[in-house]
Structures are given as structure tokens and as C-alpha cells.
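Sequence order for the protein chains is A and B.
My numbering applies: residue 28 is where the first sequence begins, and numbers increase by one.
My numbering applies: residue 0 is where the second sequence begins, and numbers increase by one.
Every residue gets a Cβ at the ideal spot worked out from N, C-alpha and C, and that includes glycine.
Below: one structure, written as C-alpha cells.
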Amino acid sequence: MTNYLLFVALPYLSLGIFLIGSIYRYRSREFSVSSISSEFLEGRKLFWGSQPFHWGLFFLFFGHLIAFLFPKAVLAWNGQPVRLLILEITAFTFGLSTFIGVILLVNRRLINRRVQIVTSKMDVVVFVVLLVQIISGLLVAYHNRWGSSWFAAFITPYLRSLFVFDPQIEGIASVNSLSLKIHVVSAFTIIGIIPFTRFMHFLVYPLDYLWRSYQQVIWSWNRKHIRTSRSHSEGRQSTNN
Amino acid sequence: MDIRSQVSMVFHLDKCIGCHTCSIACKNIWTDRKGAEYMWWNNVETKPGTGYPTKWEDQDIYKGGWEKNGDSVSLKGAGKLKGLKNIFHNPHLPVLDDYYEPWTYKYQDLFTAPEGDDQPTARPVSLVTGEHMDVQAGPNWDDDLGGSPDYARQDVNMNQLSAAEQEAMFQLERMTFFYLPRICNHCLNPACVASCPSGAIYKRGEDGIVLINQERCRAWRMCVTACPYKKSYYNWHTGKSEKCVLCYPRLESGQAPACFHSCVGRIRYLGVMLYDADKIENVASVPEDQLVDAQMDIYLDPFDPEVIRQAQLNGIADSTIEAAQKSPVYKFVKVWKLALPLHPEFRTLPNLFYVPALLPTMATVSSGVYNSTSQSLWNGIERNRLPMKYLASLFSAGNTDKIVEVMKRLMAVRIHRRGVTVGDLNSSEISSAMNEAGVDAETADAIFRLTSLATFDERFVIPPAHREESIEILESTADVKGNTGFGFKEKPARGL
Ligand code: SF4
Ligand code: SF4
């Protein structure tokens with residue numbers, strides 16, 4: 028029963044809240060969609076926390092995504108022990124960098140008076156779930172080694188089954204690792220709270236900047252195309268007489 | 000040719016009395032809010048000085064503006080790759096302490112303090128943390144050369160001067176200063192717009208005002224870095240960047256922006272300039288010594304029939320073209336060539352022009368006596384107290400010839416008017432000064448008039464915003480012709 032709640036109900040609930048919540052927040056409260064930056068109030072410490080944290084997270088996120096989407100490729104890569112070792116050590120390093128980053132960030136929020144002023148209750152929640160997520164991840168990586176290989180056997184089928192609406196939780200439920208279970212549960216929790224926190228900002232990462240033109244000029248109306256009564260469009264007919 | 004119209008400005012520095020009325024007018028309307036207390040969309044600096052934020056002109060520190068890159072320009076500290084790479088931490092962002100920590104006083108303590116032997120005091124408290132603080136800096140901390148060893152001598156423009164020239168400037172009897180009021184320049188090649196990863200900043204097509212869409216701003220703060228004038232500010236409370244809006248709601252209803260309207264010295268002029276948008280990239284990319292001339296070339300003659308025709312084709316309203324013809328900015332900048340852009344080497348093509356200060360440069364001191372007889376008043380630009388190189392570093396990307404030309408013209412107007420009103424100069428002296436500057440009596444009188452006697456409507460020529468037509472944003476009025484008014488809910492059909 029608990030397993031069903033944690034590995035079936037929670038994921039669907041979280042994904043549902045995430046989808047509806049973030050679309051709603053983006054469309055009706057766009058003003059709030061960002062991460063309120065505090066670099067202006069404190070810049071030096073932020074550098075040492077934010078850079079390792081975000082870059083670590085960035086690579087870990089794509090690592091997980093690749094393992095989920097292309098498990099066979101990852102297994103093939105891991106076919107040679109050296110490559111497996113390289114992969115695991117790299118991933119663990121990113122994990123550590125994320126961990127160190129988040130610790131420095133928490134510390135900065137705790138001790139800097141100015142940053143405290145702009146810290147909300149949800150920011151505290153964000154730090155707690157991040158700490159749980161990162162620490163459990165590191166524990167898994169350490170105690171249940173070679174995750175990049177067993178991921179394909181235990182996690183990928185489970186996640187896939189969720190996405191095809193045919194949840195198979197035997198695999199995940201039978202795993203004898205508390206930290207792994209915590210890692211999965213807290214991951215879904217994070218997804219669920221995205222719409223209520225500053226996590227929203229990763230959804231608006233401005234990739235489109237790469238292909239837009241540098242300068243932006245907006246006309247509120249285009250005099251060249253204003254239609255006069257002579258160029259009257261036949262598109263809409265009067266309806267009331 | 001792609002003609003657009005731009006609301007542009009001239010500040011006449013000889014007339015600025017450094018009263019900060021403009022800054023207060025702006026503050027009261029726009030930035031008297033939480034998170035914006037430290038912002039001065041309009042600020043007035045003493046020059047020489049380090050300004051606000053401290054040393055904003057030093058792009059080795061702040062990496063603002065554009066730099067020449069082959070035939071084009073690229074952003075110095077921002078841009079597509081640099082911006083996205085530095086998105087987790089913006090390395091060149093000025094922080095609160097580079098501006099100053101805003102504060103207020105605990106006035107309530109004056110009323111609520113218990114009775115005692117000492118006078119109650121209102122202690123300063125930070126507007127950020129609410130805690131007691133010792134005030135260390137403010138937005139005009141170096142006003143009137145206050146603390147000049149720390150401020151005036153650190154002025155980045157001093158780098159252009161030799162050590163001896165710098166020393167000369169700081170001899171007590173030669174010391175001089177002038178005020179530099181600054182607002183956003185509503186640039187033709189705005190670095191803030193180009194640096195915004197979210198595309199939240201844009202230039203309005205109709206009048207060229209640069210605005211930040213508060214809904215779209217995502218707090219990446221790239222504009223704060225990219226604007227070389229540091230006129231885009233980050234609101235730490237709302238997590239949005241904000242900047243001077245040139246009081247567009249006032250402009251749209253025909254009123255001058257608040258800082259212009261309230262200016263005590265009447266130093267400010269506002270009017271439309273027509274320019275050719277196709278040339279922006281070329282002009283921004285010319286070598287440094289040609290920047291001023293190239294920028295002057297981009298502005299078009301609003302009396303030229305071809306320009307008028309092209310402007311009309313581009314949808315510019317006749318009333319706007321008429322405003323461009325009457326524009327005081329056009330006269331100062333193009334016709335009389337008296338006003339120059341601030342730091343053109345930042346290559347944003349700013350639309351705020353300055354008539355450099357002449358006055359504090361005149362008169363001499365000999366054996367401790369301030370000599371203001373007519374001989375010493377007109378003793379030549381080379382003997383000015385402010386070195387031309389210093390002014391050139393501010394207003395012409397180091398091109399001293401440009402400054403000397405302007406100074407000569409300003410001087411010629413003075414000499415001419417001195418001849419008219421006081422009459423103590425001989426006519427050959429007057430005509431040689433006028434010839435050298437290439438100014439005739441009629442022009443000199445016109446310059447004098449617009450400088451000293453201009454009325455409100457001559458100083459601010461604001462084109463109508465044609466809001467009556469703004470319904471066209473939403474729908475074509477022609478399409479719904481015949482649809483409004485009294486109607487029937489049912490069709491007049493009988494039978495099937
Ligand atoms: S002065 Fe700065 S903020 Fe204003 S338009 Fe130019 S680059 Fe943008
Ligand atoms: S109000 Fe006018 S005179 Fe006074 S400081 Fe501002 S610009 Fe100068």
C-alpha cells in the first residue's frame with residue numbers, strides 16, 4: 028500500500044500538479060516566474076555556491092535523462108570497466124559539486140543579513156528538499172555502486188511504466204536501499220512543488236536568446252498597415268442589422 | 000533608408016546649478032518604492048568625480064557597452080554565449096555597495112524616546128535590512144568635489160591626462176568642476192536590449208523609448224552589466240530590472256518628463272530626431288575618432304523633401320515630422336553642432352546630448368586675485384582650467400578637435416553677446432572670434448535665444464502620440480464599421 032502511494036500515486040499527483048500548476052502560473056502570473064536573484068545584495072559567496080551547484084545539477088539532470096531515454100547506449104558504454112569507472116567517478120564528482128554548492132548557498136542564506144531579507148518560506152522548503160535529494164543521491168552512488176548500469180534494470184522500466192500509464196512497481200519496491208527510495212520519492216516531490224517555488228525559473232531558461240536578433244523594436248501599431256474604410260476587409264460582416 | 004523617429008534630448012551643462020531637483024522629481028514619481036530606494040533613474044554627478052555607481056565609466060571593471068569586432072560590434076560583457084554561460088552568476092554585476100546602501104532615519108524615536116538627560120536622536124537605519132547603520136556613501140557623496148582625493152582624483156577620465164596635467168587641475172586656485180546630470184540615453188543601439196536573454200527589453204518603434212517588460216523580465220540582470228551608463232537597475236525586492244521610462248505616460252499626453260519639467264536651471268531640451276535605422280550597425284562600428292561625426296550623420300534633415308517622403312512612407316505621422324522640424328535638439332545637435340553625446344566610445348549611439356560646460360573654464364587667478372576683467376575672460380580656450388583632453392574623454396571619445404570646435408562656437412556666442420549688451424570689446428576682436436568659429440550674428444542670436452530665453456514650448460517639442468488611433472492595435476475600426484450602436488438580437492426573418 029505504502030509502495031503504491033509513494034511510487035504510483037505520488038508520481039502522478041506530482042506530475043499533474045507540475046503540468047497544470049506551471050502552465051497556470053506562467054499564463055496568469057507571469058510576473059512571478061523567475062528566481063529572485065540576490066546577487067545584487069551579495070555577490071562573492073554566491074559565486075562559490077551557485078556555480079558548482081548549478082553546473083553540477085545541469086550535468087546530473089542530463090545524465091539521468093540519458094539513462095532514462097537511452098539505457099541500452101549507457102549499458103553498451105559501460106561494457107568496459109574502465110569506461111564504467113570514468114562515468115561513475117564523473118557523475119559522483121558532479122554530485123559532490125552540487126552538494127558543496129548547496130551547502131555554501133545555505134550557509135550564505137543563514138549568515139548574510141541582506142540575503143535573509145529576501146528569503147521566503149518556500150526558499151527554506153527548496154533548500155530542504157534539495158538537501159534530501161542530493162544527500163540521498165550521493166549515498167546511493169556510494170553504497171549501491173554502478174548505478175549507471177543497474178539504473179537500466181530497476182529504474183528505467185519503472186519510469187517507463189509510469190509514462191505509459193501501466194505502473195510496474197515490483198522492481199523499485201523490491202530494491203533493498205532506503206536512500207534510493209528516498210531519492211525517488213523526493214525527486215517526485217520536487218517535481219510537484221515546482222509551481223509553488225523558485226524552481227520555476229529553470230523552465231524559462233532563455234534558450235531562444237540564441238536565435239533571436241539582438242535588437243528588439245516593437246511598434247504598438249503599424250501605420251503602414253492600418254486599413255482605411257476603402258481597404259475595408261470583408262472578413263467580418265455586421266451581425267445586427 | 001528606414002526612417003524612424005526618436006525622442007532625443009539636450010542638456011546644457013553651463014546652465015546646470017547642481018540642485019538635484021530633477022533627481023527628486025523622478026524619485027517621487029517612479030522610484031520611491033521598496034527595492035528601488037537606491038535607484039536614481041536621474042542622477043546628477045560632479046565632474047571630475049567617480050559618479051554613481053562608483054566608477055561607472057570604467058568598463059574594465061563593469062564591462063558595459065559594445066566593443067569593435069571586425070566590421071561590426073559585439074557586447075563587451077554580455078551577449079548570447081557569454082550571457083548564457085554566465086547565467087548562474089553574472090561576474091561583472093555592480094552590487095548594492097557599488098551604488099550605496101539606502102537609508103532613512105528613525106524619526107519616530109524623536110517622539111517616543113523616554114524622558115532623559117540627552118536629546119533624543121533619529122538614528123539612520125538601512126532601507127534594506129531595517130537595522131541601524133553608519134552612513135558611508137550616498138548617490139552624490141562627492142558633490143561639489145567633496146572628498147576629492149578619494150573621488151575626483153579617481154575619475155576614470157583623468158587617465159587621458161599626464162601626471163602634470165592632473166596635478167595642475169588640482170591646484171587649489173585652478174580647481175574647477177561642473178555638473179553632469181544623467182538619465183537613460185534611450186540609445187539607438189541599446190546594449191541593454193541586446194543583452195536581455197528573455198527579450199524583455201525593447202525599443203518602442205514610435206518614439207524610440209527603451210522599456211523593460213516587467214512580466215517578461217526573469218531577473219538575469221544582464222542589462223545591468225551591459226548598459227555602459229549603468230542606467231538599468233535591479234530591484235532586489237521584486238526581482239525585476241527597471242530603468243528610466245522617459246515618463247512615457249507624460250509624453251503621450253503632451254507633457255515633458257518630470258525631470259525636464261522641474262529643471263530649475265532650464266538646462267533641458269527635448270525633441271524628435273529622424274534617423275536612418277539601416278545605418279545603425281555601420282555607425283556603431285566606425286573607428287573611435289570618427290564616432291561623433293558618424294553619429295551626427297545618422298540623424299536626417301527633417302526639411303529635406305526626400306527625407307519627408309521616405310518618413311511618410313515609413314508611416315511617420317505628419318505631426319511627428321513637423322515636431323522634428325521644430326526640434327530644439329535638432330538645432331543644438333545638427334544645425335549648430337554644439338551638443339555632443341556622452342562617451343560615444345561605448346557605441347550604443349546615445350540620444351542624450353550635452354553642451355559642454357564653458358563657464359568654469361574661464362577667468363584666471365593671478366597673485367591670489369580672481370581676475371574677471373574682459374581681457375582675462377576671453378583669453379583663449381587653451382588656457383581653460385578644464386583641459387580639453389578631459390572634456391574630450393567625456394564627450395568625443397578622446398577627439399579634442401571636436402571639443403575645441405564646440406568651445407569656439409560657444410565662446411563666439413558669448414563674445415558676440417558681450418559686444419551687443421556690454422560693448423566693451425572691439426569689433427575686430429568680435430568678428431575674428433566669430434569667423435574662426437564659423438558663426439554669424441544671426442546664428443549667435445538664435446543660439447543665445449534658445450539657450451537663455453526659450454519658453455517651455457520651445458524647449459520641449461513633444462509630438463502628439465496619436466492615442467486616438469491606438470485602437471488599431473486591437474482591431475481595424477473599418478472592419479467593425481456598421482456593427483456598433485443600436486441593433487437587434489434576432490434576424491428579421493419570417494418563416495423558414
Ligand atoms: S543608456 Fe543604457 S539602459 Fe538606456 S538605452 Fe542605452 S544601454 Fe539601455
Ligand atoms: S534640476 Fe536642472 S539644474 Fe537642477 S541639477 Fe537637475 S539638471 Fe541641473
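Would you mind telling me which residues of chain B sit closer than 9 Å to S62(A), beta carbon to beta carbon, in chain order?
R217, A218 and G238
Fill in: Every unbroken alpha helix (DSSP H) inside the stretch 7-46 of chain B [4 residues or more]
20-25
Are I380(B) and V403(B) close, meaning C-beta to C-beta below 8 Å? Yes, the pair counts as a contact, with Cβ atoms nearer than the cut-off.
Helix, strand or coil: how does DSSP classify D277(B) here? When DSSP states are grouped into helix, strand and coil, D277(B) belongs to the helix group.
* Are there three or more Cβ pairs, one per stretch, closer than 8 Å when the stretch 206-214 of chain B is compared with the stretch 243-254 of chain B? -> yes
| request: Any chance you could list the alpha helix (DSSP H) runs of at least 4 consecutive residues sitting entirely within the stretch 414-463 of chain B, in chain order? | output: 426-436, 440-447 and 455-458
Practice item. Consult DSSP for V145(A) and reduce its assignment to one of helix, strand or coil. Key: coil
Worksheet item: What residue from F302(B), Y232(B) and S4(B) has the CA that sits closest to I182(B)'s CA?
Response: Selected option, being the one with the closest Cα: Y232(B).
query = With DSSP run on the structure shown, which of helix, strand or coil describes P343(B)?
reply = Residue state, collapsed to three classes: helix.
Practice prompt. With 7 Å as the C-beta to C-beta threshold (strictly closer), list the residues of the stretch 202-214 of chain B near chain A in chain order.
Written response: K202, R203, G204, E205, Q213 and E214
(request) In angstroms with no decimal places, state the Cα-to-Cα distance between A168(A) and F119(A). (result) 7 Å
Exercise. Within 10 angstroms of the Cβ of K62(B), are there 16 or more other Cβ atoms? Answer buried if so, exposed if not.
Key: Counting every other CB atom within 10 Å of its CB across the protein chains shown gives K62(B) a total of 16 or more, marking it as buried.
What are the complete beta strand (DSSP E) segments, minimum 3 residues, inside the stretch 38-122 of chain B?
-> 42-46, 65-68, 71-74 and 102-104
For E100(B) and W39(B), I'd like the C-alpha separation in whole angstroms. 13 Å
For S256(A) and Q309(B), I'd like the C-alpha separation in whole angstroms. Confidence at S256(A) is low in this model, with a pLDDT of 47, below 50, so its placement is unreliable and no value can be given for it.
Could you check if G146(B) belongs to the surroundings of ligand 2, using beta carbon to heavy atom distance under 7 Å? Not under cutoff, so the answer is no.
**OP:** Put Y298(B) into one of helix, strand or coil per three-state DSSP.
**Re:** strand
- Message: Quick check on G275(A) - is its C-beta less than 8 Å from some C-beta in chain B?
- Response: Because chain A in this structure spans residues 28 to 268, residue 275(A) falls outside the shown range and cannot be described.
**Study point:** Residue interval of the alpha helix (DSSP H) (run including F88(A))
**Key:** R71 to L96
Can you tell me whether P286(B) sits near ligand 2, meaning its C-beta is under 7 Å from at least one heavy atom of the ligand? No, Cβ of P286(B) sits at least 7 Å from all heavy atoms of ligand 2.
- Item | C-beta neighbour in chain B for P233(A), strict 8 Å | yes
Quiz item: Three or more C-beta pairs closer than 8 Å, one from the stretch 181-198 of chain B and one from the stretch 104-124 of chain A: is that the case here?
Solution: no
Query - heavy atom of ligand 2 below 7 Å from R136(A) C-beta - result: No, since every heavy atom of ligand 2 falls outside the 7 Å radius drawn around the Cβ of R136(A).
Exercise. Compute the Euclidean distance between the alpha carbons of A180(A) and S213(A), then round it to the nearest angstrom.
Key: Roughly 21 Å between the two C-alpha positions.
So L230(A) contacts chain B; which residues on that side make the cut at Cβ distance below 7 Å? For L230(A), none of the residues of chain B pass the 7 Å Cβ criterion, the least Cβ distance being about 10 Å.
What is the DSSP secondary structure of S258(A), reduced to helix, strand or coil? Because the pLDDT of S258(A) is 49, which lies under 50, any placement of that residue in the model is unreliable, and the question is left without a value.
Worksheet entry | Secondary structure, alpha helix (DSSP H): runs of 4+ residues fully inside the stretch 170-234 of chain A | 174-190, 197-201 and 205-220
How big is the Cα-Cα spacing for G262(A) and S247(A)?
Reliability fails at G262(A), whose pLDDT of 48 lies under 50, so the model's placement of it is uncertain and no value is given.
**Q.** Spatial neighbours of A283(B) in its chain, beta-carbon cut-off 7 Å, leaving aside the 5 residues before and after
**A.** Within its own chain, the residues whose Cβ lies closer than 7 Å to the Cβ of A283(B), once the five positions on either side in sequence are excluded, are W65, V72, N188, R346 and L348, listed in chain order.
Any non-hydrogen atom of ligand 1 within 7 Å of C186(B) CB: yes
inquiry  = For E164(B) and Y389(B), what's the separation of their Cα atoms in angstroms?
reply    = 10 Å
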